[in-house]
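Participant:
Numbering (our numbering), first residue to last: 423 to 699.
In structure tokens form, the structure reads like this:
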């Protein structure tokens, strides 16, 4: 799947392709990609949604596709408010609102798992999105989602990892209780037959809002590209070199660069890159 277009002060290129590993085994992609615009003129927003079904998920692509369509429907219902918040730089409102939309989308996947008699982790997906205003005077770019993947920015010829750091749900900052005077013997309590079952671990919400500069390139990707970008400096250098040209690449050139192979990495690759004028 290959997408491209121009809006506001930006040029978008996006692709989702099956990895060598899935191709060798004759399996479908686990990744899904959706690019959709809401609103007319300079009052609209463009949503780029990517998702990756869990490896343990039967029909992983269908689950990923369900996730991106669900978040797109939610953003579509709220697109006027979201566009206003982006233009007005209301970061707190954006973060809380998008957190709710993300939780509802992933909650629907958990509910569907229960209906099918599956464990929640067997019917879930990583979800990562960009919101881009069509107003050429607005330079705010918003990332949100939950799960594995990467967010990078190419500026001045350097590709930098700007993935927002989060604290995993339930993680303690300094042991059982910071500053406690009581002794912790490290012995767990036996489970109570009256206690509710422990909820499955949920991926923490991620959010990042930034101001784009002229000639910036913002790169959103799933784990299939994020992992080799972090683990293979030659790949990061090649992408930085290819995409630092004065003009964005055409669709064919973008696809060719995105297909650069790296030994030891063979998962699906889904990415969206935004060039700023």
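Each residue gets a CB set at the ideal place from its N, CA and C atoms; glycine is no exception.
#1: What residue range is occupied by the uninterrupted beta strand (DSSP E) comprising residue 584?
#2: Whose C-beta lies closer than 7 Å to the C-beta of residue 530 among residues of the same chain, with five residues either side of it excluded?
#3: In this structure, what does DSSP give as the bridge partners for residue 426?
#4: Drop a sphere of 10 angstroms on the beta-carbon of residue 488, count the other beta-carbons inside from all chains shown, and report buried for 16 or more, exposed for fewer.
#5: If you follow the alpha helix (DSSP H) that residue 537 is part of, which residue opens it and which one closes it?
#6: Which of the three DSSP states is assigned to residue 661 in this structure?
#7: What does the alpha-carbon distance come out to for the pair residue 629 and residue 486?
#8: For residue 562, which residues does DSSP report across the bridge?
#9: Can the beta-carbon of residue 634 be found closer than 7 Å to that of residue 561?
#10: In the DSSP assignment, the beta strand (DSSP E) including residue 679 goes from what residue to what residue?
#11: Can you find the residues in the same chain that come closer than 7 Å, C-beta to C-beta, to residue 661, ignoring five residues on each side of it along the sequence?
#12: What's the C-alpha gap between residue 598 and residue 508?
#13: Count the other C-beta atoms from every protein chain shown that fall within 10 angstroms of the C-beta of residue 369, then say buried if there are 16 or more, exposed otherwise.
#14: Within 10 angstroms of its Cβ, does residue 439 collect 16 or more other Cβ (buried), or is it exposed?
#15: Work out the CA separation of residue 546 and residue 653 for me, nearest whole Å.
#16: For a test of the three-state rule: what should DSSP assign to residue 640, helix, strand or coil?
#17: Buried or exposed: where does residue 655 fall if 16 or more other Cβ atoms within 10 Å of its Cβ makes it buried?
#18: Return helix, strand or coil for residue 555, following the three-state DSSP convention.
#19: Check the DSSP bridge columns for residue 454 and list the partner residues they point to.
#20: At what residues does the beta strand (DSSP E) containing residue 698 begin and finish?
#21: Between 460, 695, 672 and 663, which lies nearest to residue 574 when the distance is taken from Cα to Cα?
#22: Excluding sequence positions up to five away, which residues of its chain have a Cβ less than 7 Å from the Cβ of residue 494?
#23: Inspect the beta-carbon positions of residue 644 and residue 682 and report whether they are closer than 7 Å.
#24: Per DSSP, residue 687 is paired with what?
#25: If contact is defined by three or more beta carbon pairs under 8 Å, each pair taking one atom from either stretch, is the stretch 534-544 in contact with the stretch 507-521?
#26: Between residue 432 and chain B, is there a C-beta pair that is closer than 7 Å?
#27: To which residues does DSSP link residue 548 through a beta bridge?
#28: What does the Cβ neighbour count give for residue 603, buried or exposed, with the cut at 16 atoms within 10 Å?
#29: Between which residues of its own chain and residue 525 is the CB-CB distance below 8 Å, once the five residues before and five after are set aside?
Facilitator: On the basis of the data shown:
#1: Looking at the DSSP string, residue 584 is not in any beta strand (DSSP E), and its letter there is neither H nor E.
#2: 492
#3: 435
#4: buried
#5: Start and end: 513-537.
#6: The answer is helix: DSSP assigns residue 661 an H, G or I state.
#7: Those two C-alpha atoms are separated by around 20 Å.
#8: Per DSSP, the beta-bridge partners of residue 562 are 633.
#9: yes
#10: Careful: residue 679 lies outside any beta strand (DSSP E), inside the alpha helix (DSSP H) at 673-680.
#11: 581 and 679
#12: Note that residue 598 scores 38 on pLDDT, short of 50, meaning its location in the model is unreliable; the coordinates nonetheless yield the value given after this. The alpha-carbon atoms of residue 598 and residue 508 are separated by roughly 40 Å.
#13: Nothing about residue 369 can be reported from this structure: the residues present for the chain run from 423 to 699 only.
#14: buried
#15: Residue 653 and residue 546: Cα-Cα distance of roughly 26 Å.
#16: strand
#17: So residue 655 ends up on the exposed side.
#18: Here residue 555 sits in strand by DSSP.
#19: 473
#20: In the DSSP assignment, residue 698 falls within the unbroken beta strand (DSSP E) covering 691-698.
#21: 695
#22: 456, 458, 469 and 471
#23: In this structure, residue 682 does not lie closer than 7 Å to residue 644 by Cβ.
#24: 684
#25: no
#26: The structure shown contains no chain B; it holds only a single protein chain.
#27: 474
#28: Bear in mind that a pLDDT of 40 at residue 603, under 50, signals an unreliable position, so the model cannot answer this.
#29: 627
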